[in-house]
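What follows is a set of notes on a single structure, which appears directly below.
Residue numbers (our numbering): 39 to 122.
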């Protein structure tokens, strides 16, 4: 019965140095991924806000007649004026 206590499957085993290195790499990777996710969310929020502002400005311009929509007349070049 004494042998049963030695190999207790529920007893936590000691960590090996190689596991510690993997844990450090995993922690670093997770930290980088979290930073990238936060930066991505921040950029998405900024772009969403800019898009909403642009859409609001376009809607505002759509209600009023646009002066830029008129066709322009061509101006004669100075070369043709000099020949006359």
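Think of the CB as a built atom: it goes at the ideal place given N, C-alpha and C, for glycine as much as any other residue. If you're wondering where the values come from, they're calculated on a predicted model, not measured in any experiment.
Check	Outcome
Report the three-state DSSP secondary structure of residue 87 (helix, strand or coil).	helix
For residue 97 and residue 81, I'd like the C-alpha separation in whole angstroms.	24 angstroms
Nearest-angstrom Cα distance between residue 50 and residue 58?	15 angstroms
What separation, rounded to the nearest whole angstrom, lies between the Cα atoms of residue 52 and residue 72?	29 angstroms
For a test of the three-state rule: what should DSSP assign to residue 114, helix, strand or coil?	coil
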